[in-house]
Amino acid sequence: MPSIQAELTGVPAAKQRAVRSSLWRQSMRKLIRNKLAIAGLVVVISMFLICFIGPLFSPYTDSKVNMSMMNRSPNIHHWLGTDKLGRDVLTRVMQAGRISLTVGIASMFLSVFIGTLLGAIAGYYRGIVDQIIMRIADLLLTIPSLPLLFIFGALLSEWKVPSDYRMYIVMLILSFVGWPSLARMIRGQLLSLREREFMQATVVLGLRDRRKLVNHLLPNLVPLLIVIATLNIGGAILSESVLSFFGLGVMPPTPTWGNMIDTANNMIDFQERPWLWVPPGFSIFITVIAINIFGDGLRDVLDPKQRK
Amino acid sequence: MSEALLDIRHLKKYFPVKSGLFSRTVGHVKAVDDISFAIRPGETFGLVGESGSGKSTVGRTAIRLMDKTAGDVHFQGIDLYELSEQKLRRLRPRMQLIFQDPYSSLNPRVRIGDAIGEALLDHELASPAEVREQVQDVLASCGLSSYHMDRFPHEFSGGQRQRIGIARALILNPDLIIADEPVSALDVSIQAQIINLFSHLQETRGLTYLFISHDLSVVEHLCSTIGVMYLGSMVEKASRDELFLHPLHPYTKALLSAVPVPIPKLKRERIVLKGDIPSPANPPSGCKFHTRCPFAEKRCREEIPVFRDAGNDHWVACHLV
């Protein structure tokens, strides 16, 4: 994006950052005052730290089998017990978190990218392009996403995709299911923006299409995008867990929170060994709630019109 | 025609009224219904009329910000509606519009230095190095300071924002400025500043204005020629002095009698119009004004009056004159 700010002011970049948008500064100040949202952010960050740094301090690895330590309840050596192959549950939960969080964030980025691109094209050029893109989006939206996910998951198993690659394919699938609703929101926002008087002013000034889009429309979309993206991570983590729980997403031995809860499918494990499924379940719960609370806080600050 | 900067002939703009399941067009709102006038270079043409008379629509169709329904618009002899998008875009800097609402016409996320200077870059009227200097100049001539460049619109008052809007139009050094009720959103003390800015800029730059307003005292102060609109049609057009001293159309007389005069003891004949402006989707037959005209006769209800010269280049559309 060729900022004409630099061209205009000729001030060094560092000094420009000092006079950075006071709109943003105001928003950040408002966000910090929202205690609940900050609590959510703290929980999300700690979850990341625990999952990505935690395993480095663990004496165990997620795949090391120990037949003499099968199905032990939590004790001084294994804080969250061990599973049926004698693997340390705490280490596996942290390792699983790496995968689940990565999948969540990566598929969010991908679906936000696809959704924004297609939504922006549809909203800006309208006409036949808009019709085609939005009908495809409608089609995907009319199919309930869960069955769609199941079909994709089943196809993955059918085609015997190596389990190392499954994680990446799951990301693709999740963003494929996620983009239509995003594209809809972006398109709607663009359609309302382009009717605003300041967009009419860009026509009167005779600005080029590229400048209208990049310098005038996109900056007004960024707040909405940030909010959507944040809330989307939670949804993606949940969807990945559902897929993996049904054995259609990321497969064992690679642990994810979803496929770890799978043990609850076994009646004995469910009743007698809660340490196998409570920790991953609790991790999903707390992470998604924290992300959503933080996302709501962000929305209140950045996009007050959306508040319910 | 050759001498006119902006020549509008038989301009019409109808908005379709749609209703029902399949959005059938059930009628038209005749926002602008056969309007003709010309503006000579250096002149200030005032367009007055009450809300809903189609003044703003004239302003917008005159620079092809919206499409016309019929008629011709020539700018410097060029038919605007014949131009391709590209050519029209290149002609844009020559004719600028100043918006009524200084709050919604500035993008909240664009610094005002960028907002004012960007059009110069897109039209390659200045190098990036020169833009900054030009923005500073135009800010100064609009009564703003160069340190305002890095600020965002929400950091300004309404009057300052309107100055920014004016600066944004002025930097392109246009031949024609269409000012669409530029002061109606501002309070009276600021109105005076902005109006003085307009006349000062005309003196120093020789600008031509199409000044749209519903405030007769503002128009009297600024304009050399005035057109009065009622329900999409022009009912009277004359030079300022002629119109204010010898109004011919009953509607103009009513408008002028409503202008407050700062002499409390002066007794004036006050013409009060009954009722509201009729719907432009279903205008009255004959003379559109007959429903509210105190002098209406049978002929007014049946026959559409011709817009004709009543002498002294004083044009009027009324049977009774």
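Those sequence lines, one after another, are chains R and X.
At position 258 of the first sequence the residue is numbered 465 (this note's numbering), and the sequence of numbers has no breaks.
At position 314 of the second sequence the residue is numbered 1369 (this note's numbering), and the sequence of numbers has no breaks.
Don't be surprised by glycine CBs; every beta carbon is placed ideally from N, CA and C.
Pairwise C-alpha distance: residue j and residue i
i	j	result
S1159/X	G1220/X	11 Å
L1328/X	H1304/X	13 Å
A1043/X	L1194/X	Because chain X in this structure spans residues 1056 to 1376, residue 1043/X falls outside the shown range and cannot be described.
E214/R	L1176/X	Only weak support is given to the placement of E214/R: the predicted model assigns it a pLDDT of 49, under 50, and the value that follows is read from those uncertain coordinates. Their backbone Cα atoms lie some 10 Å apart in a straight line.
M208/R	Q1141/X	Bear in mind that the predicted position of M208/R carries a pLDDT of just 42, short of 50, making it unreliable; the figure below should be weighed with that in mind. In a straight line, the C-alpha of M208/R is about 23 Å away from that of Q1141/X.
F1211/X	A1240/X	15 Å
P460/R	G488/R	18 Å
L1321/X	P1315/X	11 Å
F357/R	M406/R	44 Å
T268/R	R299/R	8 Å
P1317/X	G1214/X	25 Å
L1135/X	I239/R	53 Å
D1088/X	A344/R	43 Å
M1121/X	D1156/X	18 Å
L431/R	N499/R	15 Å
R1095/X	E1188/X	32 Å
K515/R	N439/R	Per-residue confidence for K515/R stands at a pLDDT of 47, beneath the threshold of 50, marking its modelled position as unreliable; the derived number appears in the next sentence. Distance between the alpha carbons of K515/R and N439/R: 18 Å.
C1373/X	C1342/X	8 Å
V1376/X	R1323/X	22 Å
I1118/X	A408/R	12 Å
A1360/X	S1196/X	Correcting the residue identity first, residue 1360/X is Pro in this sequence and not Ala. Rounded to the nearest angstrom, the two C-alpha atoms are 46 Å apart.
E1358/X	F1350/X	15 Å
F320/R	H285/R	42 Å
G360/R	I376/R	9 Å
A220/R	L420/R	Caution applies to A220/R, whose pLDDT of 48 falls short of 50 and renders its modelled position unreliable; the model cannot decide the point.
L363/R	I380/R	10 Å
L1161/X	D1368/X	40 Å
A1184/X	V1190/X	11 Å
F452/R	I468/R	6 Å
T216/R	S1200/X	With a pLDDT of 49 at T216/R, under the threshold of 50, the modelled position of this residue cannot be trusted; read the value that follows with caution. Rounded to whole angstroms, T216/R to S1200/X spans 14 Å at the Cα level.
Identified DSSP bridge partners for residue i
i	result
L1152/X	I1233/X
H1129/X	D1062/X, D1134/X
P1071/X	H1083/X
T1280/X	F1100/X, S1294/X
V1371/X	E1291/X, R1363/X
Under the three-state DSSP convention, the category residue i falls into
i	result
L1102/X	strand
T1124/X	coil
K1093/X	Going by the sequence as given, residue 1093/X is Ala instead of Lys. DSSP places A1093/X in strand when its eight states are reduced to three.
L336/R	Before going on, a small fix: residue 336/R reads as Val here, not Leu. Three-state DSSP puts V336/R in a helix.
W286/R	coil
D1088/X	strand
V434/R	helix
R394/R	helix
M208/R	Annotation note: pLDDT 42 at M208/R (below 50); position unreliable, coordinate value reported separately. It is coil, neither helix nor strand.
R418/R	helix
T461/R	coil
V272/R	coil
I489/R	In the sequence as displayed, the identity of residue 489/R is Phe instead of Ile. Of the three classes helix, strand and coil, the one that applies to F489/R here is helix, per DSSP.
G502/R	helix
V429/R	helix
M277/R	coil
V1376/X	coil
I343/R	helix
R1347/X	coil
P219/R	In this prediction, P219/R has a pLDDT of 48, which is less than 50 and means its spatial position is unreliable; what the coordinates show is noted afterwards. If DSSP states are grouped into helix, strand and coil, P219/R belongs with coil.
N1337/X	coil
S451/R	helix
K237/R	helix
G171/R	Outside the displayed range of chain R (208 to 515) lies residue 171/R, so it cannot be described from this structure.
Where the alpha helix (DSSP H) through residue i begins and ends
i	result
Y332/R	296-332
K1353/X	1353-1357
W484/R	Segment: none, W484/R is in no alpha helix (DSSP H) and carries neither H nor E.
K242/R	242-260
T1112/X	1110-1117
M467/R	464-468
V205/R	This structure cannot settle anything about residue 205/R, because the visible part of chain R is limited to 208 through 515.
Residue-level contact to chain A via CB, residue i, 8 Å cutoff
i	result
E402/R	Although the question refers to chain A, the structure presented lacks it and instead comprises the protein chains R and X.
Quiz item: Considering only residues of the stretch 1282-1330 of chain X, which uninterrupted alpha helix (DSSP H) runs meet the minimum length of 4 residues and lie entirely inside it, listed in chain order?
Solution: The stretch 1282-1330 of chain X contains these whole alpha helix (DSSP H) runs: 1295-1300, 1305-1312.
Quiz item: Which runs of the beta strand (DSSP E) fall wholly inside the stretch 359-387 of chain R and span at least 3 residues, in chain order?
Solution: If we require 3 residues or more, the stretch 359-387 of chain R turns out to have no beta strand (DSSP E) run fully inside it.
Quiz item: Could you give the uninterrupted runs of the alpha helix (DSSP H) lying entirely in the stretch 1225-1277 of chain X, keeping only those of 4 residues or more?
Solution: Within the stretch 1225-1277 of chain X, the complete alpha helix (DSSP H) runs of at least 4 residues are 1243-1260, 1271-1277.
Exercise. Run through the stretch 1144-1229 of chain X for me and flag every whole beta strand (DSSP E) of 3 or more residues, listed as ranges in chain order.
Key: Scanning the stretch 1144-1229 of chain X for uninterrupted beta strand (DSSP E) segments of 3 residues or longer gives 1150-1153, listed from N- to C-terminal end.
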